[in-house]
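In what follows, a single structure is set out as structure tokens and then discussed.
There are 2 protein chains.
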Amino acid sequence: MSIPRLLTPGPVAVPEMVLEAIQQQPIPHRSATFEAFYGALLSRLRYLYQSQGMVCTLIGSGTYGVEITLRSLIRPESKVLVVHHGKFSQRWRDDGTRQGWQVHNLASKWGEVPEPGKVIEHAQQIDALAAIVLTHCETSTGVMLDLEEVARGIQKVHPDCLILVDGITTVGCVPFYFDDWGIDAAVCASQKALMNPAGLATVALSERAEAALLPTHHSDFANLYNYVSFARDHSYPYTAPVQLLFGLKAALDHIQEVGLPRIWNQTIQSARYFRQGIQELGGELFGAANGLSLTAFSFPGKDSDELRRQLEAASGFVLSGGQGELKGNIMRISHMGMADQAAMSAVLAAFSTYL
Amino acid sequence: MSIPRLLTPGPVAVPEMVLEAIQQQPIPHRSATFEAFYGALLSRLRYLYQSQGMVCTLIGSGTYGVEITLRSLIRPESKVLVVHHGKFSQRWRDDGTRQGWQVHNLASKWGEVPEPGKVIEHAQQIDALAAIVLTHCETSTGVMLDLEEVARGIQKVHPDCLILVDGITTVGCVPFYFDDWGIDAAVCASQKALMNPAGLATVALSERAEAALLPTHHSDFANLYNYVSFARDHSYPYTAPVQLLFGLKAALDHIQEVGLPRIWNQTIQSARYFRQGIQELGGELFGAANGLSLTAFSFPGKDSDELRRQLEAASGFVLSGGQGELKGNIMRISHMGMADQAAMSAVLAAFSTYL
């Protein structure tokens with residue numbers, strides 16, 4: 015794959031194989047052809063999540079995917095622990111409050127992330143905890159939670175607690191074992207590790223999560239139920255975004271062919287290589303900097319937004335800036351999809367010419 | 015443009031120019047580049063609707079577009095007249111009932127559609143009518159309402175009544191004058207006259223409809239408010255489906271270049287030609303058959319689903335069957351996008367070989 019210019023941690027650059035797949039003529043979504051196609055896609059999606067259970071896709075952004083998953087699985091007034099430490103995890107807290115959950119907070123400063131022991135301890139103090147909402151990697155800061163440790167700990171202290179995960183910048187980037195870790199729901203989005211245009215979210219559900227979905231009418235767009243019940247028959251509740259699904263399947267085929275171990279390692283090596291290089295150039299990593307799918311960094315005493323503009327003007331590489339309270343203070347670069355070590359090398363070379 | 019094989023009245027075949035546009039690499043959706051692009055798209059969309067006012071796009075199906083537009087503009091307990099005569103218009107009635115509107119019904123048999131005078135008379139008998147919901151062309155039956163006459167009549171008897179239109183199979187196919195007819199909201203979908211993959215809906219709003227939107231939080235996906243307020247700045251409330259928007263813009267550019275008069279006439283001529291030809295072959299048009307964007311028809315004494323299978327096997331042409339109560343009884347063919355007179359000629363030739 016060639017070196018992409020777009021290196022934002024979503025949307026990511028889209029490879030040729032995906033663009034070619036999207037170019038196919040649509041097939042009618044109420045047809046045996048569609049069902050065979052979608053069934054194959056869902057089977058690939060199970061591999062991505064390392065799950066044997068229910069998976070489906072939704073039309074919408076990652077935010078939409080996470081929020082309707084949470085709303086479908088958490089009843090109003092339930093006790094929910096939200097672990098938050100950045101723009102996206104705070105959004106799940108805010109939406110939960112609006113939905114009438116009894117929200118318990120475990121807040122960390124942006125750039126930090128709690129130790130698993132602290133999460134378990136906090137959870138243990140809440141009686142009848144119905145669900146915990148975890149953001150595996152916080153895209154606004156680049157920090158990652160030790161999801162496996164947290165999940166295994168929660169299962170010990172609250173066996174009935176649903177473990178609900180924003181996996182938007184981790185599923186398909188770094189090791190993620192949905193079934194083995196005992197996750198109940200994990201959401202991902204097409205424009206991240208799946209190297210696709212934005213517009214689709216994906217969801218995996220455990221058996222007990224699937225059973226917890228309450229039937230709702232056809233036009234309840236803020237609910238997973240219809241998506242899941244149609245997915246059982248490899249079908250779609252609304253007009254299916256067929257071409258986007260073609261693109262998604264092409265990426266899933268590629269990931270299955272190359273194999274997750276190699277994909278995961280590519281993310282890790284891209285992150286390691288970039289972090290070493292950028293520090294050698296005088297850069298500073300932001301916060302815990304333990305996430306692998308993206309790196310947040312800055313150059314002390316220099317304006318991050320100005321540096322990004324210079325980089326783009328000089329070399330065409332597009333990075334993201336900071337969000338929310340970090341606006342202007344950091345840059346963020348992706349290690350997902352085509353943003354491999356070779357791409358990082360080219361960015362470091364570009365930075366080195368004018369720093 | 016070549017002759018497409020996919021002739022369902024949505025999704026329609028996607029032309030090369032759209033597929034090429036979708037192939038471009040994404041641009042970050044929080045950028046001046048995106049805003050310039052989206053601003054240009056919205057200006058083209060105004061041309062499509064023949065409106066000077068607010069237009070925007072949403073991620074989702076046409077059903078999603080219509081339902082969230084109606085829900086955003088109609089308050090619970092308002093009196094609403096729903097004119098229904100098929101699967102989709104009945105869906106708007108059902109959703110309105112769920113939303114708690116005081117739904118008044120003007121029902122016609124599937125395949126029929128009321129005269130404008132009857133609609134006005136019915137509306138006149140309702141005090142303080144807040145809104146009327148009209149389905150311009152009912153995709154399940156192929157019949158079309160005289161929208162201009164109805165809209166002008168309603169304005170006389172209920173000047174404050176919002177006129178809300180499902181324009182999914184008419185906007186961009188047949189004459190549609192949003193401003194001149196005094197429409198308050200009209201919804202269209204990408205996989206119809208816009209010749210794009212499914213996944214986007216478009217909405218036009220009058221000034222008073224725009225003013226009637228109530229602010230809501232960022233994560234209220236069942237509401238137009240955020241889409242509209244971001245569209246004012248040529249921006250998107252969620253991760254924008256950038257490639258789908260690229261495709262939409264390519265179609266809108268084409269439509270502006272060719273000009274609506276020619277596009278509209280192509281639909282009309284395709285419908286006229288096909289209807290004459292299919293009747294010459296012994297076919298029978300279904301119901302009022304006054305819609306132009308699609309034709310519903312059958313061959314007396316023959317199984318429509320079986321005929322469709324034969325047609326597809328013999329020639330590759332894919333038509334739709336009947337929906338709901340019409341399942342098995344009719345076939346439906348599109349006159350939108352690439353389904354022009356030449357395509358109709360090829361389908362008629364294919365039918366003639368085995369009828």
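In order, the protein sequence lines correspond to chains A and B. Under my numbering, read the first sequence as residues 15 to 369, first letter to last. Under my numbering, read the second sequence as residues 15 to 369, first letter to last. Quick reminder that beta carbons are idealized off the backbone N, C-alpha and C, glycines included.
> Going along chain B, which residues have a C-beta under 8 Å from residue 112 of chain A?
Replying inline: 231, 233
> Using DSSP with H/G/I as helix, E/B as strand and the rest coil, what is residue 93 of chain A?
Replying inline: strand
>> Is there a Cβ of chain A sitting closer than 7 Å to that of residue 213 of chain B, yes or no?
In response: yes
>> Output needed for residue 329 of chain A: all residues of its chain with C-beta closer than 6 Å, excluding positions within five of it in sequence on either side, in chain order.
In response: 364
>> Short of 7 Å in beta carbon distance, which residues of its chain neighbour residue 125 of chain B, apart from the five on each side in sequence? Order them along the chain.
In response: 155, 157, 300, 301, 302
> Along chain B, in chain order, which residues have C-beta atoms closer than 7 Å to that of residue 78 of chain A?
Replying inline: 235, 252
> Between residue 75 of chain A and residue 252 of chain B, is the Cβ-Cβ spacing less than 7 Å?
Replying inline: yes
> To the nearest whole angstrom, what separates the beta carbons of residue 28 of chain B and residue 212 of chain A, a pair I think is in contact under 8 Å?
Replying inline: Wrong, their Cβ atoms sit about 19 Å apart, outside the cutoff.
> What's the gap between the Cα of residue 5 of chain B and the Cα of residue 26 of chain A?
Replying inline: Since the first residue of chain B shown is 15 and the last is 369, residue 5 of chain B is not available in this structure.
> Under 8 Å Cβ-Cβ, which residues of chain B neighbour residue 152 of chain A?
Replying inline: Simply none; closest approach about 16 Å.
> How long is the line joining the alpha carbons of residue 214 of chain B and residue 175 of chain A, rounded to whole angstroms?
Replying inline: 37 Å
> Can you tell me where the alpha helix (DSSP H) with residue 85 of chain B in it begins and where it stops?
Replying inline: 76–87
> According to DSSP, which residues form a beta bridge with residue 119 of chain A?
Replying inline: A/96
> Helix, strand or coil for residue 180 of chain A per DSSP?
Replying inline: strand
>> Comparing C-alpha positions only, which one of A/237, A/260, A/219, A/37 sits nearest to residue 69 of chain A?
In response: A/219
> How would you call residue 144 of chain B, buried or exposed, if buried means at least 16 neighbouring beta carbons within 10 angstroms?
Replying inline: buried
> Counting only runs that start and end within the stretch 273–355 of chain B, where is the beta strand (DSSP E) found for 3 or more residues in a row?
Replying inline: 308–312, 345–348
>> With a threshold of 7 Å between beta carbons, is residue 37 of chain B in contact with chain A?
In response: yes
>> Let's see if you can read the secondary structure: which residues bound the alpha helix (DSSP H) around residue 31 of chain B?
In response: 30–36
> Relative to the alpha-carbon of residue 170 of chain B, which residue among B/193, B/178, B/134 has its alpha-carbon at the smallest distance?
Replying inline: B/134
> Within 10 angstroms of its Cβ, does residue 280 of chain B collect 16 or more other Cβ (buried), or is it exposed?
Replying inline: buried
>> For residue 262 of chain B and residue 72 of chain A, what's the separation of their Cα atoms in angstroms?
In response: 20 Å
> Which class does residue 26 of chain A belong to by DSSP, given the choice of helix, strand or coil?
Replying inline: coil
> Based on the DSSP secondary-structure assignment, which residues constitute the bridge partners of residue 187 of chain B?
Replying inline: Answer is none; residue 187 of chain B lacks a bridge partner.
> Which whole-angstrom value is the C-beta distance of residue 354 of chain B and residue 284 of chain B, which I expect to be below 8 Å?
Replying inline: 5 Å
>> My assumption, with CB atoms under 8 Å, is that residue 148 of chain B sits in contact with residue 136 of chain B. Please give the rounded CB distance.
In response: Contact doesn't hold; Cβ gap of about 12 Å is too wide.
> In chain B, which residues lie less than 7 Å from residue 284 of chain A when you measure between Cβ atoms?
Replying inline: Chain B residues near residue 284 of chain A: none, gap ~19 Å exceeds 7 Å.
> Taking Cβ to Cβ, would you say residue 206 of chain B is nearer than 7 Å to residue 352 of chain B?
Replying inline: no
> Between the stretch 49–81 of chain A and chain B, which residues of the former have CB atoms less than 9 Å from a CB of the latter, in chain order?
Replying inline: 73, 74, 75, 76, 77, 78, 81
> Nearest to residue 319 of chain B by CA position, among B/306, B/340, B/305, B/308, is which residue?
Replying inline: B/340
>> Can you check which of these residues, A/305, A/79, A/159, A/48, is closest to residue 348 of chain A by C-alpha distance?
In response: A/305
> Closest Cβ-Cβ distance between residue 257 of chain B and chain A: below 7 Å?
Replying inline: yes
>> If contact is defined by three or more beta carbon pairs under 8 Å, each pair taking one atom from either stretch, is the stretch 181–194 of chain A in contact with the stretch 224–244 of chain A?
In response: no
> Do we get a CB-CB distance below 7 Å when we pair residue 20 of chain B with the residues of chain A?
Replying inline: yes
>> Just verifying my parser: in three-state terms, what is the DSSP assignment at residue 374 of chain B?
In response: In the structure as shown, chain B begins at 15 and stops at 369. Residue 374 of chain B is therefore absent and cannot be evaluated.
>> Does chain B have any CB closer than 7 Å to the CB of residue 27 of chain A?
In response: yes
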